[in-house]
Structures are given as structure tokens and as C-alpha cells.
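K.L.:
Following this message is one structure expressed as C-alpha cells.
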Amino acid sequence: MFFFALLLEDVGFILLSRGMKETADPNSSGQGGRLNRILKNPRVLGGVFLQAIYYVLLLSLIQKAPVSLVVPMTGFGYVLTAFLARIFLAEPVSPGRWAGIFLITVGVIFISRAGQ
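Structure (C-alpha cells):
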């Protein structure tokens with residue numbers, strides 16, 4: 000369930016990113032029109048929906064396992080987010096960013112293997 004939750008969260012981020020970029024209108028005057036476009040964008044709505052499901056699953060996980068384990072393990076999401084952003088948004092991911100993601104992953108592995 001944990002990795003499924005992370006997948007929902009990260010796909011939600013991708014949808015939110017794409018949807019928010021679609022709602023940008025340099026000719027727009029005022030925030031009311033932008034808010035209206037955001038609230039009507041299907042990618043934004045889909046991203047919010049997936050994020051909401053993620054949080055429900057996260058609540059279930061922290062009910063069953065120590066929060067000091069569950070929350071740091073969400074760091075695995077950084078790896079998935081970088082891959083998804085690279086593939087679906089064509090975002091560049093620099094070697095320095097990959098190195099940082101690697102260090103986070105190593106930290107998550109240490110936390111997950113550490114005893115209570």
C-alpha cells in the first residue's frame with residue numbers, strides 16, 4: 000500500500016504541474032480569472048484528487064506504523080517524481096539533483112533498516 004500511495008502522490012504532482020502550466024495566461028488581468036481556470040482544469044482537479052487519496056492512505060499508514068518511519072520513507076517519492084518529471088514533463092534533472100536524490104534514498108534506507 001505504501002508504494003501505491005507514493006505513486007498516487009507523484010502522478011498527482013505531475014498532473015498538477017502540467018495543469019498549472021496550462022492555466023498560466025499572461026494576458027489575464029486579475030486573479031479571479033486565473034482561479035476560475037485552475038478550478039476548471041481537469042489535470043489540476045485530477046492531481047488534487049490523487050493527492051487527496053494519497054493523504055487518506057498516509058493516514059492509514061501512520062495509524063499502523065510509527066510516523067518516524069512512515070514519513071521519512073516518503074522520501075522515496077523524490078526518486079519517482081524525478082523520473083516522472085523527466086519522462087512526462089521533459090524536465091531536465093541535473094547530475095547534482097540526482098546526487099541529492101541518491102543521498103535522500105540512502106537516508107531512507109538507513110531509517111527503514113534501523114531498529115526501534
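Sequential numbering from 0 applies to the sequence shown in numbering that gives the first Met the number 0.
Built from N, CA and C at the ideal position, the CB exists for glycine as well.
Model, not experiment: these values are computed from the prediction.
1) Taking the alpha helix (DSSP H) that Met19 belongs to, which residues open and close that run?
2) Which term fits Asn40, buried or exposed, when burial requires 16 or more other beta carbons within 10 angstroms of its beta carbon?
3) CB-CB under 7 Å to Asp9, same chain, minus the five flanking residues each way: which ones, in chain order?
4) Can you tell me the Cβ-Cβ gap for Ala113 and Tyr53, rounded? I've got them flagged as a contact below 8 Å.
5) Please identify the residue among Leu44, Leu6, Leu7, Ser111 whose C-alpha is closest to the C-alpha of Met19.
6) Buried or exposed, going by whether 16 or more other CB atoms sit within 10 Å of the CB of Phe12?
7) Assuming contact is defined by CB atoms lying nearer than 8 Å, are Met72 and Val105 in contact in what I supplied?
8) Relative to the C-alpha of Phe1, which candidate in Ser93, Arg96, Ala64, Ile103 has its C-alpha closest?
9) Measuring CB to CB, does Gly46 end up less than 8 Å from Leu88?
10) Residues in the same chain with beta-carbon distance under 6 Å from Val92, minus the five sequence neighbours each way, listed in chain order, please.
P.N.:
Taking the geometry as given:
1) 1-22
2) buried
3) Gly76, Leu79, Thr80, Leu83
4) Ala113 to Tyr53, Cβ: 25 Å. No contact.
5) Leu44
6) buried
7) no
8) Ala64
9) no
10) Ala81, Arg85
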